[in-house]
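Read in order, the letters of the sequence shown are residues -13 to 143 in the numbering used here.
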Amino acid sequence: MFTSVLMIEKALTSADVEFVTSLHGDEQVAFHVLLQPRGDQADRLLRAIDDVALGELDEAARENEVPEGEAAKDFGERALEVSLQALHAAGNAAEGRIVEDHPLDALRALVEEIGADEVLVLTDPHYVEEFFHRDWASRARHKVGVPVLKLFSHSKA
-13 MFTSVLMIEK ALTSADVEFV TSLHGDEQVA FHVLLQPRGD QADRLLRAID
37 DVALGELDEA ARENEVPEGE AAKDFGERAL EVSLQALHAA GNAAEGRIVE
87 DHPLDALRAL VEEIGADEVL VLTDPHYVEE FFHRDWASRA RHKVGVPVLK
137 LFSHSKA
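As structure tokens, then:
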């Protein structure tokens, strides 16, 4: 069985599930999901800049409504549960956990712990971080000894 670590920042949509579960054709995949709520991984200014770069000015104006800190933890727990249920419903083994601090350290530890074959980073675009190679996927490539694939979510948070 192929083992993938899936890093996400919000609940998977049905399109996201179909996308990640079809990457390996008919091969069975076990997913280990790490979710760090969006409010904990990027500051409000960077998110607003990303929204402006995407032409979503209304979203930029609402960045102060994105849950952060403890409020993001409750959101994250619900998002993780929804994501795991969706992966199970698609016929895949899946387990997961919330990452509260240092997502890349948690990623490296999990990859080593389970002997993962790959890491999939599924997020919304973060143009500022990507430009400076400070996004999860770019940084993970230097921390884990397996291939890291960056994918964009099929819906905006």
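All C-beta atoms, glycine included, are put in the ideal place defined by N, C-alpha and C.
Alpha-carbon to alpha-carbon, residue j and residue i
i           : j           : result
residue 66  : residue 134 : 21 Å
residue -8  : residue 6   : 9 Å
residue 47  : residue -13 : Its pLDDT being 49, under 50, residue 47 is placed unreliably in this model, and the coordinates cannot settle the point.
residue -4  : residue 89  : 14 Å
residue 26  : residue 69  : With a pLDDT of 43 at residue 26, under the threshold of 50, the modelled position of that residue is not reliable, and no figure is offered here.
residue 144 : residue 77  : The structure shown has nothing for residue 144, since the chain only spans -13 to 143.
residue 23  : residue 17  : 18 Å
residue 95  : residue 63  : 20 Å
residue 103 : residue 130 : 10 Å
residue 122 : residue -10 : 16 Å
residue 132 : residue 11  : 20 Å
residue 82  : residue 93  : 12 Å
residue 98  : residue 127 : 14 Å
Start-to-end residues for the beta strand (DSSP E) that takes in residue i
i           : result
residue 79  : 79 to 84
residue -10 : -12 to -6
residue 104 : 104 to 109
residue 134 : 134 to 138
Pick from the options that is closest to residue i, judged by C-alpha positions
i           : options               : result
residue 1   : 123, 108 and 122      : 108
residue 106 : 132, 130, 122 and 136 : 136
residue 91  : 75, 20, 138 and 60    : 20
residue -1  : 13, 60 and 71         : 71
Residues that residue i bridges to, as DSSP identifies them
i          : result
residue 19 : -8 and 82
Residue i, enclosing alpha helix (DSSP H) - first and last residue
i           : result
residue 7   : 0 to 7
residue 125 : 122 to 126
residue 98  : 89 to 100
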